[in-house]
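Visitor:
Set out below in structure tokens:
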């Protein structure tokens, strides 16, 4: 039991600088980027907006609830459901801000390939979701 | 090996130093933004402390009860469909920010966890049972059901794809 505790404590101590660093960067982004900035990113173009949505979701980080609130606001402002879906998906599955931490802890190749793949699938899932909804 | 370890350790500290430097520079150039960021940091840290305790507890239990052999049966190369189900369920049930779970996944990977399962776990962080009512409120029930179905499905597709790419790159 003592061995398991010491091993866990050592593993945890190794990861603390990374967790602290990510927390500092996420907090900085929360304080530095005004909420009004987000909606201005979209162009109204059906093909470009989903990519922009996924890009915006990839760069930003935070609680998924924030992405729902922002997504709801985007819809009200006329942004397409496709773009909003890509945005809320990429918000949770892609993390550019966390990429250095993910690389250090899970491996550089793993982190890069996983994030690129999640970015592409965020757009794919958004397209499939909107197509499926049009049939139901 | 020693060089690699030093690189890994220094990488972590360099990352933290860069983040702290950003705050120090901001404190000099824009004190109001520095104060806001610091406040956001305190609020965020308070929220994640209970999750950190939970992650620590799970890691401790995993170190206590699961050796690499047992772990590889659950989430290793031979785990099969059970491994996918465990990873999906784990991702859905896990709480808090994604980066809080990196230490646990790193630990599990060292014990032989398949890359695909780690990807599925991280992808299913998008499906949060506790947040579904909120999603229904903003986007409707139909949207929530369809999106949740595709997210779970694509977590496996994503896992298989990333795993194949990682194997091909070796």
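Residue numbers (my numbering), protein chains in the order written: chain A, 7 to 142; chain B, 316 to 485.
Beta carbons are placed, not taken as given, at the ideal position from N, Cα and C, and that holds for glycine.
Please read all numbers here as calculations on a predicted model, not as lab measurements.
So what's residue 33/A in DSSP terms, helix, strand or just coil?
Guide: Three-state DSSP puts residue 33/A in a helix.
Visitor: Indicate the three-state DSSP secondary structure (helix, strand or coil) for residue 47/A in the structure shown.
Guide: Residue state, collapsed to three classes: coil.
Visitor: Quick check on the DSSP output: what are the complete beta strand (DSSP E) runs of length 3 or more inside the region 330 to 383 of chain B, in order along the chain?
Guide: Taking only runs of at least 3 residues, no beta strand (DSSP E) segment lies wholly in the region 330 to 383 of chain B.
Visitor: Identify the contact partners of residue 421/B in chain A, using a Cβ-Cβ distance below 7 Å as the criterion.
Guide: Within 7 Å Cβ-Cβ: 111 and 112.
Visitor: When you check each C-beta in the region 88 to 112 of chain A against every C-beta of chain B, which residues fall closer than 7 Å?
Guide: Cβ contacts with chain B come from 91, 95, 98, 99, 101, 104, 106, 107, 108, 110, 111 and 112.
Visitor: Does the distance from the C-beta atom of residue 330/B to that of residue 23/A stay below 8 Å?
Guide: Yes; because the gap between Cβ atoms is below 8 Å, this pair is in contact.
Visitor: Pull up the distance between the alpha-carbon of residue 392/B and that of residue 62/A, whole angstroms please.
Guide: The alpha-carbon atoms of residue 392/B and residue 62/A are separated by roughly 35 Å.
Visitor: If you draw a straight line from the C-alpha of residue 66/A to the C-alpha of residue 12/A, how long is it?
Guide: Roughly 35 Å between the two C-alpha positions.
Visitor: Is residue 123/A close to chain B? Criterion is C-beta to C-beta, closer than 8 Å.
Guide: So, interface residue.
Visitor: Please confirm if residue 443/B has its CB atom under 8 Å from at least one CB of chain A.
Guide: Closer than 8 Å to some Cβ of chain A, the Cβ of residue 443/B qualifies, so yes.
Visitor: Is it true that the CB of residue 428/B sits closer than 8 Å to the CB of residue 368/B?
Guide: No.
Visitor: Between residue 110/A and residue 358/B, what straight-line distance do the alpha-carbon atoms span, to the nearest angstrom?
Guide: Spanning the two alpha carbons is a distance of roughly 26 Å.
Visitor: Applying the criterion that 16 or more other CB atoms from any shown protein chain within 10 Å of the CB defines a buried residue, is residue 108/A buried or exposed?
Guide: Flag for residue 108/A reads buried.
Visitor: Mind the definition here: the region 22 to 37 of chain A touches the region 347 to 357 of chain B only if three or more C-beta pairs lie below 8 Å; say whether that holds.
Guide: Taking 8 Å as the limit for Cβ pairs, the verdict is that the region 347 to 357 of chain B does touch the region 22 to 37 of chain A.
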